[in-house]
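Read the structure below first, then the notes.
There are 2 protein chains.
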Amino acid sequence: MDLLKQKIVEEGSASGKEILKVDAFLNHQLDVRLFEAMGEEFARRFAGQGVNKLLTIETSGIAIAAVVAKYFDYCPVVFGKKNVSLNLDKEIYTSEVYSFTKQTTYQVMVSKKYLNAGDRVLIIDDFLANGKAVEALKDIVEQAGATLVGVGIAIEKGFQKGGKELRNAGVKLESLAIVQEMKEDGTIVFD
Amino acid sequence: MDLLKQKIVEEGSASGKEILKVDAFLNHQLDVRLFEAMGEEFARRFAGQGVNKLLTIETSGIAIAAVVAKYFDYCPVVFGKKNVSLNLDKEIYTSEVYSFTKQTTYQVMVSKKYLNAGDRVLIIDDFLANGKAVEALKDIVEQAGATLVGVGIAIEKGFQKGGKELRNAGVKLESLAIVQEMKEDGTIVFD
Numbered sequence: 003m004d005l006l007k008q009k010i011v012e013e014g015s016a017s018g019k020e021i022l023k024v025d026a027f028l029n030h031q032l033d034v035r036l037f038e039a040m041g042e043e044f045a046r047r048f049a050g051q052g053v054n055k056l057l058t059i060e061t062s063g064i065a066i067a068a069v070v071a072k073y074f075d076y077c078p079v080v081f082g083k084k085n086v087s088l089n090l091d092k093e094i095y096t097s098e099v100y101s102f103t104k105q106t107t108y109q110v111m112v113s114k115k116y117l118n119a120g121d122r123v124l125i126i127d128d129f130l131a132n133g134k135a136v137e138a139l140k141d142i143v144e145q146a147g148a149t150l151v152g153v154g155i156a157i158e159k160g161f162q163k164g165g166k167e168l169r170n171a172g173v174k175l176e177s178l179a180i181v182q183e184m185k186e187d188g189t190i191v192f193d
Numbered sequence: 003m004d005l006l007k008q009k010i011v012e013e014g015s016a017s018g019k020e021i022l023k024v025d026a027f028l029n030h031q032l033d034v035r036l037f038e039a040m041g042e043e044f045a046r047r048f049a050g051q052g053v054n055k056l057l058t059i060e061t062s063g064i065a066i067a068a069v070v071a072k073y074f075d076y077c078p079v080v081f082g083k084k085n086v087s088l089n090l091d092k093e094i095y096t097s098e099v100y101s102f103t104k105q106t107t108y109q110v111m112v113s114k115k116y117l118n119a120g121d122r123v124l125i126i127d128d129f130l131a132n133g134k135a136v137e138a139l140k141d142i143v144e145q146a147g148a149t150l151v152g153v154g155i156a157i158e159k160g161f162q163k164g165g166k167e168l169r170n171a172g173v174k175l176e177s178l179a180i181v182q183e184m185k186e187d188g189t190i191v192f193d
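Protein chains in written order, with our numbering: chain A, 3 to 193; chain B, 3 to 193.
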């Protein structure tokens with residue numbers, strides 16, 4: 003998706019060979035026009051698949067999924083929670099995630115009320131790197147007996163293994179920008 | 003806002019006299035059509051105020067602010083972060099928040115790049131109870147030398163002190179539903 007790649011080049015920055023900062027438009031300050039364009043593109047790529055629920059995870063996926071929902075006929079968005087809250091239901095699906103960025107393991111939780119066997123789920127997230135968060139959401143979709151239609155990602159780090167593993171597992175994975183390499187001089191190379 | 007009150011009555015539930023569960027549409031599963039209606043209403047209530055930035059805080063405010071931005075001419079949304087991340091800038095505004103729900107104190111952080119003296123800021127959040135999160139965002143707006151146009155809240159707990167304190171401080175606070183009381187029998191009384 004050219005608009006997203008252009009944003010990454012113009013407003014993003016590579017910090018070393020692994021960290022891509024896109025907090026100007028994707029995960030701290032948010033460019034909602036861009037998210038709408040991403041929604042149109044996801045709708046095109048997952049057309050006719052009967053998606054009736056978007057599933058994402060705290061934190062940065064939430065804004066994207068909320069804006070994208072409009073392009074899937076305003077289907078409900080559910081986000082996996084990372085923190086226990088007094089307000090969370092007792093009946094929950096849980097799955098474990100290892101975060102390389104934060105170097106900790108955490109549980110992602112989804113109330114059983116909001117994910118059902120009849121659901122056709124599209125997982126949405128801002129980044130795909132090692133794929134641990136998406137794996138956990140996929141696991142929760144399976145626990146619910148729902149159907150995973152696919153995974154829609156804004157930025158995939160193509161040099162990390164998450165994308166390859168999901169594709170090898172037969173998952174329909176659509177990433178709007180795949181970063182193949184971040185060079186020492188700051189150049190970002192797309193797939 | 004009648005649509006929101008109706009949703010609270012039909013899909014929310016009071017758990018004791020203090021906890022209002024609205025995870026069916028506001029803070030776990032998200033009803034994006036409702037958020038759009040909320041955006042229209044906020045735009046009406048803050049019309050002509052020159053809002054050019056929405057400021058919110060992890061987690062539940064993010065989805066609302068992202069959808070609401072369209073009604074403020076797609077102005078940027080910035081969300082305060084609660085967790086230190088490798089990707090966060092070194093130059094940040096911080097303010098301390100005490101969470102009664104989680105019974106902990108945490109720092110909210112906003113990169114200095116995304117909040118400037120010229121900004122006219124509308125703070126958006128899902129709930130207002132004791133007002134600690136909004137107070138911290140207001141403090142950050144002041145640190146940046148920006149102008150606080152007002153505060154737009156989905157659900158205010160009118161029986162807690164946050165709303166009164168903000169109004170007494172001269173803040174233009176607009177809450178789309180004000181819950182005055184939650185009775186033992188589960189009845190929810192609005193202002």
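Idealized CB from N, CA, C, for every residue including glycine.
Asked                                                                                                                 : Found
Sheet register partners of B:Glu158 (DSSP bridge)                                                                     : B:Leu130 and B:Ile180
When B:Thr106, B:Val181 and B:Val110 are compared against B:Phe192, the one with the closest alpha-carbon             : B:Val181
Contacts that A:Phe37 makes with chain B (C-beta to C-beta distance below 8 Å)                                        : Ala68
One or two residues paired with A:Val110 in a DSSP bridge                                                             : A:Ser97
Inter-residue CB distance, B:Leu32 and A:Pro78 (contact presumed, cutoff 8 Å)                                         : 7 Å
Beta-carbon neighbours of A:Tyr100, restricted to chain B and to distances below 9 Å                                  : Near A:Tyr100 there are no residues of chain B at all, since even the closest Cβ is about 15 Å away, more than 9 Å.
Three-pair Cβ contact test at 8 Å for the stretch 111 to 131 of chain A versus the stretch 60 to 71 of chain B        : no
Rounded straight-line distance, which links the Cα of A:Val80 to that of A:Gly154                                     : 15 Å
Which residues DSSP lists as bridging A:Ile125, in chain order                                                        : A:Leu57 and A:Val153
Residue burial classification, A:Asp127 (beta-carbon count within 10 angstroms, cutoff 16)                            : buried
Burial state of B:Asn170 (16 or more Cβ within 10 Å)                                                                  : exposed
Test item: CB-CB of A:Ala65 and B:Ala156 under 8 Å                                                                    : no
Chain-ordered neighbours of B:Leu32 on chain A, where CB pairs are closer than 7 Å                                    : Ala68, Pro78 and Val79
Residue from B:Ala45, B:Leu6, B:Ile125 and B:Glu38 whose Cα sits closest to the Cα of B:Val143                        : B:Ile125
Short Cβ contact (8 Å threshold) for B:Leu175 with B:Gly160                                                           : no
Between the CA atoms of A:Glu167 and B:Leu6 - distance to the nearest angstrom                                        : 42 Å
Cβ contact (3+ pairs, closer than 8 Å) linking the stretch 17 to 24 of chain B and the stretch 36 to 52 of chain A    : no
Nonlocal neighbours in the same chain, by C-beta distance under 6 Å from A:Phe129, ignoring five residues either side : Ile157
Closer than 9 Å at the beta carbon, the chain A residues around B:Ala65                                               : Ile64, Ala65, Ala67, Ala68, Val69, Val79 and Phe81
Any C-beta of chain A under 8 Å from that of B:Ser97                                                                  : no
DSSP three-state assignment for B:Ala16, whether helix, strand or coil                                                : strand
Endpoints, the alpha helix (DSSP H) within which B:Phe192 is located                                                  : Here B:Phe192 belongs to no alpha helix (DSSP H); instead the beta strand (DSSP E) covers Ile190 to Phe192.
Closer than 8 Å at the beta carbon, the chain A residues around B:Glu60                                               : Glu60 and Thr61
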